[in-house]
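Taken in order, these protein sequences are the chains called P and G.
Counting from 1, one number per residue, gives the positions in the first sequence under our numbering.
Counting from 1001, one number per residue, gives the positions in the second sequence under our numbering.
No residue lacks a Cβ here, since even glycine has one placed at the ideal position from N, Cα and C.
Remember, predicted model here, so these are calculated numbers, not experimental data.
Down below is the structure, laid out as structure tokens.
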Amino acid sequence: MAEYRHLSETAPSGSPPRGAGTVQRPAPAPAVPPGESSPRVRRWESYRTRERLAQLLFLVPAVIYMVAFFGFPVVKNFLMAFQKYSTTTFYTGEAPWIGLGNYRAVVSSSVFDKALVNTILFTVGSIAGQFVIGLALAVFFRRRFPLNGLLRSLLLLPWLIPLIVSGAVWRWILDKDNGALNRFLAATHIATGHPGWLTSTSLALVAVMMVNIWIGIPFNVTILYGGLQDIPEELYEAASLDGASGWQRFRYVTWPMLRPVVSVVLVLGVVYTIKVLDVILGLTNGGPANASQTIATQSYHLSFQQFDFGQGAALGNILIAISLLFAIIYLRANRRAVDE
Amino acid sequence: MIRSTRSVRAQAVLASMLALPLALSACGGSGGNSGSSSDGTTTLRVLDYYNNDPGKTVWQKAIEACGQEAGVKISREAVPGASLIQKVLQQASSRTLPDVLMLDNPDLQQIAQTGALTPLDTFGINADGFAKGVVDASTYQGKLYGLQPVTNTIGLFYNKDMLAKVGVTPPQTWDELRTAAKKLTSGSTYGLAFSAPANYEGTWQFLPFMWSNGGDEKNIATPQTAQALQLWVDLMVTDKSVSKSALNWTQADVNDQFKAGKAAMMVNGPWQFPVLDADKSLHYAVVKIPAPAAGKPIVAPLGGETWTVPQTGNKDKQAKAAKIVSCLNSDQNQISLGQQNQTIPTKTALLGKFASSNPNMKGFTDQIPTARARTGELGADWPKAATKIYTAFQAALTGQATPTKALEQAQNG
């Protein structure tokens, strides 16, 4: 039990980004006592320079890491979107600048509107499903009962199976004629018409969303369960003494105490979901007739199937901009909430 | 204080989450070391995507034998098919291209366009006696850049027992195909299966219908292409002789359906023979893709891989690499590679003899002389046209638009 807690607590804060925190933290300014004699000041200053140098040296690895693995790809991708970047570029190194041409091309393409709407529906739907089911399961597993630990570790399964594998299995399950789901639905007389989960334009997006929810539940359960462990038992005891019902305990104790964790789960969820590629490629490849095409899959298609890396990058940048927009909204909302 | 560290932490988390995929995609693998002489003999690096047996071993033997003939050692790398182009692009930018490179034929012009390949006439190699479509695929701006020893295409497989049961002969025209498919459809068995997903595999399956009816990829918004698409719509939507699942089936899925008896006929290629032959109770045969009308020629798409000599800068090695490419394309190798890999020789003179050795191959070999390469007309612009084609048939098959309308919309992007 302890290791899950540990896992879930460290997961959102992660270790690499600590470097980012260090970069931004201002160096503590040593208070110089007023009216000191000059040699002492000099010694103080040389000490200060040395300390500065040491501080800088500590920063270097983090800065190099950030520039190499964060700065460079983002800048490169940003620039690529203004270039005619094709297969030829890889050999000749020539990528002519074409201004906003790539952006104009991807935005005016007939697929863009559809992909944008699909991206929003997919993200909102997936997050809602993952979160509600994840929270329900997390609250459920807070109770003590036999096999709790075993069941909870089984819940991690979707997370542990490679996506290519689970994608292939889901394709079988969701097959129109012989899929397990349709066989079940027909046998139980819920739906006898054999709906085409992956082949009907009205169901394909729902189907990929369902699978994505299934994949996302372990993440949500793990982190929310970790958050629940941090809520002191006394609060529930106090609530019980006050005569709070089960729902009231959740509404007035669990929910407010869990809010910081909830916001982390939701923001990470959005960032993870908005860029989902493998699930969709594995299940429907964006089809049928673009019914499950998202900005991420379209960007992949442009870059790696049509080899138009410039347009792919432009679409990728639009996706990053949407993620950033969401991140900023979240940060501001969060700040306001704490201020109140 | 709590607030600021929290938001810094949150920012950091977000930053890292956003950065990670980018960072990972930025640092792909790099090419291997170029083989140099260790004991005097030259080592040539060969890159291909035959990474599964039996193909892997068959090609290994053929390449090594050719290496021996050219007096060089071979260091061969076989990568998964999907990652070959990415690998080639990385090697092109880091100047670590192999000495001999295999490419899927529709990719050749794309890579030749970059300037990374050497025209084969430099080494005195020409493509005399090869089927025209095969040569077209390996030619960029009038110059031959690759030589393809074996090719493949798609034909119509049928289950002999099922056809005999309802008294249907293998269809030769579109009308016959519709009637036969309808008759063969009953219960959970469909009359026909093909692969129509939203990718190039789907386009490849649609091409024989589109091309045989006079359709052309330069402009798909034509009545000829619309008629071909109408046939698919009739088969799947009107007659329900083809499962709607075909919209999401790969050709391997189609083969599974056929093998399991869930489809009486299928559109597929000769590479499925080993899987089908493994089931002794399955009796099947292959005919040409049905023609729009009786006697009309079939224009099927050509598959298979072409062998090239990249610009490595080492003249001596390039000359030896050219010898290997030439050797792989010898009559003897074309026949033996064809027989061992269920593919078809590309020299038209060899076709007759080859077909007589395997009756099931005949359905395919008959189509080779008139077959076309996907990139023969549009070259490096083919991927865009291929995307339009699958976008159109997916829209029509899902009922989003009529065939004519769907093709118009796709053509206009």
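Quiz item: How far does the alpha helix (DSSP H) with Asp278(P) in it reach, from first residue to last?
Solution: Here residue 278(P) corresponds to residue number 278 of the first sequence, with the count starting at 1. Note, Asp278(P): alpha helix (DSSP H), 278-283.
Practice problem: To the nearest angstrom, report how far apart Arg332(P) and Leu100(P) are at their CA atoms. | Solution: Looking up residue 332(P) in the first sequence gives position 332. Looking up residue 100(P) in the first sequence gives position 100. Cα-Cα distance, rounded: 31 Å.
Practice problem: Output, in sequence order along the chain, the residues in the region 1196-1210 of chain G whose CB is closer than 8 Å to any CB in chain P. | Solution: Pro1197, Ala1198, Asn1199, Tyr1200
Practice problem: Kindly say whether Gly286(P), judged by its beta-carbon, lies nearer than 8 Å to any beta-carbon of chain G. | Solution: Locating residue 286(P) in the first sequence gives position 286, counting from the first residue. Yes, because at least one Cβ of chain G sits closer than 8 Å to the Cβ of Gly286(P).
Quiz prompt | Where Tyr85(P) sits in the DSSP three-state scheme | solution = For the purposes of this step, residue 85(P) is taken as the residue at position 85 of the first sequence. In this structure, Tyr85(P) counts as coil in the three-state DSSP scheme.
Self-check item: Residue of Ile1063(G), Asn1126(G), Ser1188(G), Gln1311(G) minimising C-alpha distance to Ser1093(G)
Solution: By 1-based counting over the second sequence, the position of residue 1093(G) is 93. Closest by alpha carbon: Gln1311(G).
Quiz item: Do Thr1308(G) and Leu1108(G) have their CB atoms nearer than 8 Å?
Solution: Along the second sequence, read from residue 1 onward, the residue named residue 1308(G) stands at position 308. Along the second sequence, read from residue 1 onward, the residue named residue 1108(G) stands at position 108. Their beta carbons are under 8 Å apart, which means Thr1308(G) touches Leu1108(G) by this criterion.
Self-check item: Collapsed DSSP secondary structure at Asp1253(G) in the structure displayed
Solution: Position 253 of the second sequence holds residue 1253(G). Asp1253(G): helix per DSSP, three-state reduction.
Quiz item: Within this structure, are the beta carbons of Val1287(G) and Pro1170(G) separated by less than 8 Å?
Solution: Numbered from its first residue, the second sequence carries residue 1287(G) at position 287. Numbered from its first residue, the second sequence carries residue 1170(G) at position 170. Going by C-beta atoms, Val1287(G) is nearer than 8 Å to Pro1170(G).
Practice problem: Please report the Cβ distance between Ile1324(G) and Gly1067(G), rounded to the nearest whole angstrom; I am assuming they are in contact, meaning their Cβ atoms lie under 8 Å. | Solution: Residue numbering aside, residue 1324(G) sits at position 324 when the second sequence is read from its first letter. Residue numbering aside, residue 1067(G) sits at position 67 when the second sequence is read from its first letter. Ile1324(G) to Gly1067(G), Cβ: 6 Å. Contact.
Quiz item: Is there a Cβ from chain P that is less than 8 Å from the Cβ of Gly1031(G)?
Solution: Along the second sequence, read from residue 1 onward, the residue named residue 1031(G) stands at position 31. Residue placement at Gly1031(G) is poorly supported in this model, since its pLDDT is 38, which falls under 50; the coordinates are not used for a value here.
Quiz item: Does Ala1092(G) have its Cβ less than 8 Å from a Cβ in chain P?
Solution: What you label residue 1092(G) is simply residue 92 of the second sequence in a count that begins at 1. Output row for Ala1092(G): interface = yes.
Quiz item: Between the region 295-314 of chain P and chain G, which residues of the former have CB atoms less than 8 Å from a CB of the latter, in chain order?
Solution: His301, Phe304, Gln305, Gln306, Phe307
Self-check item: Continuous alpha helix (DSSP H) assignments of at least 4 residues falling wholly in the region 1281-1310 of chain G
Solution: none
Quiz item: Mind pulling the beta strand (DSSP E) runs of 3 or more residues that sit fully within the region 1319-1395 of chain G?
Solution: none
Practice problem: For chain G, find out if any of its Cβ atoms is closer than 8 Å to the Cβ of Ser109(P); answer yes or no. | Solution: Within the first sequence, numbered from 1, the residue matching residue 109(P) stands at position 109. At least one chain G Cβ lies under 8 Å of Ser109(P).
Practice problem: Quick one: using the 10 Å Cβ neighbour count with 16 as the cut-off for buried, is Glu1217(G) buried or exposed? | Solution: Looking up residue 1217(G) in the second sequence gives position 217. By the 10 Å Cβ count, Glu1217(G) comes out buried.
Practice problem: Using three-state DSSP, classify Leu1097(G) as helix, strand or coil. | Solution: Position 97 of the second sequence, counted from the first residue, corresponds to residue 1097(G). In this structure, Leu1097(G) counts as coil in the three-state DSSP scheme.
Quiz item: Can you pull the DSSP bridge partners for Ala1263(G)?
Solution: Here residue 1263(G) refers to the residue found at position 263 when the second sequence is read from its first residue. Answer is Tyr1190(G), bridged to Ala1263(G).
Quiz prompt | Simplified DSSP assignment, three categories, for Ile190(P) | solution = Looking up residue 190(P) in the first sequence gives position 190. If DSSP states are grouped into helix, strand and coil, Ile190(P) belongs with coil.
Exercise. Using the Cα positions of Ala27(P) and Met66(P), report the straight-line distance between them to the nearest angstrom.
Key: Walking along the first sequence from the start, residue 27(P) turns up at place 27. Walking along the first sequence from the start, residue 66(P) turns up at place 66. Because the pLDDT of Ala27(P) is 48, which lies under 50, any placement of that residue in the model is unreliable, and the number read from its coordinates should be weighed accordingly. Rounded to the nearest angstrom, the two C-alpha atoms are 19 Å apart.
Quiz item: Count the other CB atoms within 10 Å of the CB of Asn1152(G); is the residue buried (16 or more) or exposed (fewer)?
Solution: Locating residue 1152(G) in the second sequence gives position 152, counting from the first residue. Burial call: buried.
Quiz item: DSSP on Met287(P), reduced to helix/strand/coil?
Solution: Within the first sequence, numbered from 1, the residue matching residue 287(P) stands at position 287. It should be noted that the sequence gives Gly, not Met, for residue 287(P). Here Gly287(P) sits in coil by DSSP.
Exercise. Spell out whether any CB of chain G is found under 8 Å from the CB atom of Lys114(P).
Key: The residue labelled residue 114(P) in the question sits at position 114 within the first sequence. No, because no Cβ of chain G sits closer than 8 Å to the Cβ of Lys114(P).
Exercise. Indicate whether at least one CB of chain P lies closer than 8 Å to the CB of Ser1186(G).
Key: Within the second sequence, the letter at position 186 stands for residue 1186(G). No, no contact with chain P.
Quiz item: So, using beta-carbon positions, are Val1299(G) and Ile1154(G) closer together than 8 Å?
Solution: The count along the second sequence starts at 1 and reaches residue 1299(G) at position 299. The count along the second sequence starts at 1 and reaches residue 1154(G) at position 154. No. Outside cutoff.
Quiz item: Leaving out the 5 sequence neighbours to the left and right, which residues in its chain are closer than 6 Å to Thr1346(G) when beta-carbon positions are compared?
Solution: The residue given as residue 1346(G) occupies position 346 in the second sequence. Closer than 6 Å at the Cβ level, and outside the excluded window around Thr1346(G), lie Phe1130, Ala1131, Val1134, Gln1148, Thr1151.
Quiz item: When the cut-off is 8 Å and only beta carbons count, does Asn1248(G) lie next to chain P?
Solution: The residue you call residue 1248(G) lines up with position 248 of the second sequence. Chain P, which has a Cβ nearer than 8 Å to the Cβ of Asn1248(G), makes this yes.
Practice problem: State the beta-bridge partners of Arg1076(G) as determined by DSSP. | Solution: As a working mapping, residue 1076(G) is identified with position 76 in the second sequence. Looking at the DSSP assignment, Arg1076(G) forms a beta bridge with Val1046(G).
Quiz item: Straight-line CA distance for Leu1177(G) to Phe1194(G)?
Solution: Residue mapping note: residue 1177(G) aligns to position 177 of the second sequence, counting from 1. Residue mapping note: residue 1194(G) aligns to position 194 of the second sequence, counting from 1. Taking the straight line from one Cα to the other gives about 13 Å.
Quiz prompt | Reduced DSSP category for Trp172(P) - H, G, I as helix; E, B as strand; rest coil | solution = Position 172 of the first sequence, counting from 1, holds the residue named residue 172(P). Trp172(P) falls in the helix class under three-state DSSP.
Quiz item: When the distance is taken between beta carbons, is Val107(P) closer than 8 Å to Trp170(P)?
Solution: If you number the first sequence from 1, residue 170(P) lands on position 170. If you number the first sequence from 1, residue 107(P) lands on position 107. The answer is no: Cβ separation not under 8 Å.
Quiz item: Within the chosen definition, does the region 238-253 of chain P reach the region 318-335 of chain P through at least 3 CB pairs nearer than 8 Å?
Solution: no
Quiz item: Hey, does Thr123(P) have any beta-carbon neighbour from chain G nearer than 8 Å?
Solution: Residue numbering aside, residue 123(P) sits at position 123 when the first sequence is read from its first letter. Answer no: the Cβ-Cβ gap between Thr123(P) and chain G never drops below 8 Å.
Quiz item: What's the call for Ser1004(G), buried or exposed, on a 16-neighbour Cβ count within 10 Å?
Solution: By 1-based counting over the second sequence, the position of residue 1004(G) is 4. Low confidence applies to Ser1004(G): its pLDDT is 41, below 50, so where it sits in the model is not reliable enough to give any reading.
Quiz item: Got a sec? Which residues, its chain only, sit under 8 Å from Ala1385(G) by beta carbon, not counting five neighbours each side?
Solution: Taking the first residue of the second sequence as 1, we reach residue 1385(G) at position 385. Correct list, in chain order: Glu1217, Lys1218, Ile1220, Leu1378.
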